[in-house]
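Asks:
Chains as they are written, first to last, in this note's numbering: chain A, 1 to 66; chain B, 67 to 528.
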């Protein structure tokens, strides 16, 4: 499953950190794995894998990529 | 200002700081450079404090400092702060590092180069050390080190951590760069309007005596930075210039994330230029990927988890039993050995005493599980330890009776001398059941029990 970051809400230090780790607007990523209860999720972006809790991603808008 | 001899001496030794992304191999590199044994592990966040060590390159003495990993120069946690302070020359005895060695994980180039781009603007002489190229080769990819060095404008040395390959080249590069530092590229492709405004503001700030790095000014222009604003609060014309530039950028519609996004565009461009992938379709899965696939699988992962928990449980309750029995036997053996050397106490006495302790412990457990004291008496008899003579008696309280059913000591002796007179009629026919189960002869038992202090006597249950 492939997706792209459309928009990231400004003014959040946690989201700033995610951007510094490469999750910037326009970045495409692949959902690698999903934990048994749907949270956390492992995504692959910029050649590395990042594990995220859903709560940490509040404020990120994404769209599916075919 | 007179410097103390110690600081003067320290200042003459160049300081090299090893920085880089978490889990890039900084501590491994530090250990191979300095011969230290700092803890390394294959996950981010192992190093949480700065550690220093000494390094000799020919005749040159260099002090080397290892810091926690950083994703960017804006620290969010306290261990990151440690590293940022060291880089800015505030953390380590207020000494500015004379050289930064930035460790770059070749298998994760884009994210690592983002940090390099921030360091490059921090104005320090810089060397890039490329690690984990072996992982890259596993993915059938290659990296063009000369090209990377040209694009970054600094020396790039490939080091394969544990094998120590490339360490000598790195030492040479450190020596070379300490003498004649190379200045890294500062062309990251920021929008021109942002660059001109930032440069103009920086010029004005430096004339007013403020020394801010260009990256700080850039971020402050894109999104309001309270710390930055507070520092220029007292000079209204600076504040006005800042606010005007900030507003203009907002009118242009430049998003606050421009600073980070531009750096990542640059690092993606560099990574694309230097990595030669052989054939994307033939990508092999590494061993770590295969293990991960099973351990983090939705179903198999849980099976493995419960399997491990089951084994843990078994190892505590079942597998440990022979071991515990062995220990008991060992202690008994030691008890016998020691006891036979202690005047007056025969081995049997010591052993019997040990058993008495054990059984008292057992009976305490029985009381904990609330077993009827009458039952316990029956058990004691049923086990034929002391026979009917030894029916426990004691205080009327139930609990105490269970916990410490006393044996009437003289009754044992009496029993030995006198056959049957003191036996209650109910048990009269069971003389032969006495004194068999303890593993001692009646004579031994009698001797042993007479030496056991009354407090230590308990129900003998096997």
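We put the CB at the ideal spot given by N, CA and C, even for glycine.
(1) Name the chain A residues whose beta carbon is nearer than 7 Å to that of residue 174/B?
(2) Between residue 41/A and residue 34/A, how many whole angstroms is the CB-CB distance? I'm expecting something under 8 Å.
(3) Could you tell me which chain A residues have their CB closer than 8 Å to the CB of residue 180/B, listed as they occur along the chain?
(4) Taking only three categories from DSSP, how would you classify residue 197/B?
(5) Please specify which runs of the alpha helix (DSSP H), each continuous and at least 4 residues long, are wholly inside the segment 132–166 of chain B, giving them in chain order.
(6) Looking at the structure shown, is residue 48/A part of a helix, part of a strand, or coil, going by DSSP?
(7) Would you call residue 193/B buried or exposed, if buried means 16 or more other Cβ atoms sit within 10 Å of its Cβ?
(8) Any contact of the segment 205–224 of chain B with the segment 82–101 of chain B, i.e. 3+ C-beta pairs under 8 Å?
(9) Buried or exposed: residue 16/A, going by 16 or more other Cβ atoms within 10 Å of its Cβ?
(10) With 7 Å as the C-beta to C-beta threshold (strictly closer), list the residues of the segment 24–36 of chain A near chain B in chain order.
(11) Answer yes or no: do residue 135/B and residue 113/B have a C-beta to C-beta separation smaller than 8 Å?
(12) Beta-carbon within less than 7 Å of residue 39/A's beta-carbon, same chain only, minus the 5 sequence neighbours each way: which residues are those?
(13) So residue 92/B packs on residue 169/B, CB below 8 Å; how close in whole Å?
(14) I'd like to confirm the pairing. Which residues does DSSP put opposite residue 4/A in its beta bridges?
(15) With H, G and I counted as helix, E and B as strand and the rest as coil, what does DSSP make of residue 224/B?
(16) List the residues of chain B that residue 17/A touches, going by C-beta distances under 9 Å, in chain order.
(17) Does DSSP put residue 184/B in a helix, in a strand, or in coil?
(18) Taking 8 Å as the threshold (beta carbon to beta carbon), is residue 40/A in contact with chain B?
(19) Quick one: what's got a C-beta closer than 7 Å to residue 145/B's C-beta in the same chain, skipping five residues either side?
(20) Pick helix, strand or coil for residue 124/B, following the three-state DSSP scheme.
(21) From residue 456/B to residue 371/B, what does the alpha carbon distance come to, in whole angstroms?
(22) Which residues does DSSP list as the beta-bridge partners of residue 33/A?
(23) Cβ of residue 275/B within 7 Å of any heavy atom in the ligand GDP?
(24) Using beta carbons (cut-off 8 Å, strictly below), is residue 177/B in contact with chain E?
(25) Just to confirm the assignment: which complete beta strand (DSSP E) runs, minimum length 3, are found wholly within the segment 213–278 of chain B?
(26) Are the CB atoms of residue 180/B and residue 284/B within a distance shorter than 8 Å?
(27) Please state if the CB of residue 309/B and the CB of residue 252/B are separated by a distance shorter than 8 Å.
(28) Starting from residue 183/B, find everything on chain A with Cβ-Cβ shorter than 8 Å and list it in chain order.
(29) Exposed or buried, residue 300/B, counting other C-beta atoms within 10 Å across all chains shown (16 or more means buried)?
(30) For residue 62/A, decide whether its Cβ has a neighbour in chain B, counting only Cβ atoms nearer than 8 Å.
(31) Exposed or buried, what is residue 263/B when buried is set at 16 or more other beta-carbons lying within 10 Å of its beta-carbon?
(32) With residue 337/B as the anchor, note down where its alpha helix (DSSP H) starts and where it stops.
(33) Would DSSP call residue 398/B helix, strand or coil?
(34) Beta strand (DSSP E) containing residue 84/B: first to last residue?
(35) Does residue 8/A have its Cβ less than 8 Å from a Cβ in chain B?
(36) For residue 119/B, list the residues DSSP reports as bridge partners.
Replies: On the basis of the supplied data:
(1) What you label residue 174/B is simply residue 108 of the second chain in a count that begins at 1. Per Cβ cutoff of 7 Å: 47, 48.
(2) To locate residue 41/A, count along the first chain from 1; it is residue 41. To locate residue 34/A, count along the first chain from 1; it is residue 34. Between residue 34/A and residue 41/A the Cβ distance is about 5 Å, and since that is below 8 Å, they are a contact.
(3) Here residue 180/B refers to the residue found at position 114 when the second chain is read from its first residue. What residue 180/B touches in chain A: 20, 22.
(4) Here the question's residue 197/B lines up with position 131 in the second chain. Of the three classes helix, strand and coil, the one that applies to residue 197/B here is strand, per DSSP.
(5) Unbroken alpha helix (DSSP H) runs of no fewer than 4 residues, entirely contained in the segment 132–166 of chain B, are found at 144–153, following chain order.
(6) Counting from 1 along the first chain, the entry for residue 48/A is found at position 48. It is a strand residue.
(7) Position 127 of the second chain, counted from the first residue, corresponds to residue 193/B. Counting Cβ neighbours within 10 Å, residue 193/B comes out buried, since at least 16 surround it.
(8) Segment contact: the segment 205–224 of chain B against the segment 82–101 of chain B, fewer than three CB-CB distances shorter than 8 Å; contact not assigned.
(9) Taking the first residue of the first chain as 1, we reach residue 16/A at position 16. Answer is buried; the Cβ neighbour count reaches 16.
(10) Residues of the segment 24–36 of chain A that bring their beta carbon within less than 7 Å of a beta carbon in chain B comprise 24, 25, 33, 36, in sequence order.
(11) Stepping through the second chain from its first residue, residue 135/B is reached at position 69. Stepping through the second chain from its first residue, residue 113/B is reached at position 47. Judged by beta-carbon spacing, residue 113/B lies within the 8 Å limit of residue 135/B, meaning their Cβ atoms are closer than that value.
(12) Position 39 of the first chain, counting from 1, holds the residue named residue 39/A. The answer, listed in chain order, is 53, 54.
(13) For the purposes of this step, residue 92/B is taken as residue 26 along the second chain, with counting starting at 1. For the purposes of this step, residue 169/B is taken as residue 103 along the second chain, with counting starting at 1. With a Cβ gap of about 5 Å, residue 92/B and residue 169/B count as contacting.
(14) For the purposes of this step, residue 4/A is taken as the residue at position 4 of the first chain. Paired residues: 28/A, 63/A.
(15) Numbered from 1 along the second chain, position 158 holds the residue referred to as residue 224/B. Strand.
(16) Within the first chain, residue 17/A is the residue found at index 17, counting from 1. The answer, in chain order, is 137, 138, 140, 142.
(17) Reading the second chain from its first residue, position 118 is the one you call residue 184/B. DSSP places residue 184/B in the helix class (H, G or I) of the three-state scheme.
(18) Along the first chain, one-based indexing puts residue 40/A at 40. Not one chain B Cβ lies under 8 Å of residue 40/A.
(19) Reading the second chain from its first residue, position 79 is the one you call residue 145/B. By the criterion of a C-beta distance shorter than 7 Å, residue 145/B is surrounded in its chain by 114, 134, once the five residues flanking it on both sides are discounted.
(20) For the purposes of this step, residue 124/B is taken as residue 58 along the second chain, with counting starting at 1. Coil.
(21) By one-based count along the second chain, residue 456/B stands at place 390. By one-based count along the second chain, residue 371/B stands at place 305. In this prediction, residue 456/B scores a pLDDT of 41, lower than 50, which makes its location untrustworthy; no coordinate-derived value is stated.
(22) Counting from one through the first chain, the residue named residue 33/A turns up at place 33. DSSP lists 42/A as partners of residue 33/A.
(23) The ligand GDP is not part of the structure shown, which contains no ligands of any sort.
(24) Note that chain E does not occur in the displayed structure, where the protein chains are A and B.
(25) When DSSP assignments are scanned along the segment 213–278 of chain B, the uninterrupted stretches of beta strand (DSSP E) that are 3 or more residues long and fall wholly within it turn out to be 221–224.
(26) Locating residue 284/B in the second chain gives position 218, where the first residue counts as 1. Locating residue 180/B in the second chain gives position 114, where the first residue counts as 1. In this structure, residue 180/B does not lie closer than 8 Å to residue 284/B by Cβ.
(27) Sequence index remark: in the second chain, residue 252/B carries index 186 (1-based). Sequence index remark: in the second chain, residue 309/B carries index 243 (1-based). Contact: no.
(28) Here residue 183/B refers to the residue found at position 117 when the second chain is read from its first residue. Neighbours of residue 183/B on chain A: none; closest Cβ ~11 Å, over 8 Å.
(29) Taking the second chain and counting its residues from 1, the one referred to as residue 300/B is at position 234. By the neighbour-count rule (16 or more Cβ atoms within 10 Å), residue 300/B is not buried but exposed.
(30) Here residue 62/A corresponds to residue number 62 of the first chain, with the count starting at 1. Between residue 62/A and chain B, the shortest Cβ-Cβ separation is not below 8 Å.
(31) As a working mapping, residue 263/B is identified with position 197 in the second chain. Counting the other CB atoms within 10 Å of its CB gives residue 263/B a total of 16 or more, which places it among the buried residues.
(32) Here residue 337/B corresponds to residue number 271 of the second chain, with the count starting at 1. Its alpha helix (DSSP H) spans residues 324–340.
(33) As a first step, residue 398/B is located in the second chain; it is residue number 332 there, counting from the start. Here residue 398/B sits in helix by DSSP.
(34) By one-based count along the second chain, residue 84/B stands at place 18. Looking at the DSSP string, the run of the beta strand (DSSP E) that includes residue 84/B is 81–86.
(35) Reading the first chain from its first residue, position 8 is the one you call residue 8/A. It does: the Cβ of residue 8/A has a partner Cβ on chain B nearer than 8 Å.
(36) Looking up residue 119/B in the second chain gives position 53. According to DSSP, which records beta bridges pairwise, residue 119/B is partnered with 130/B.
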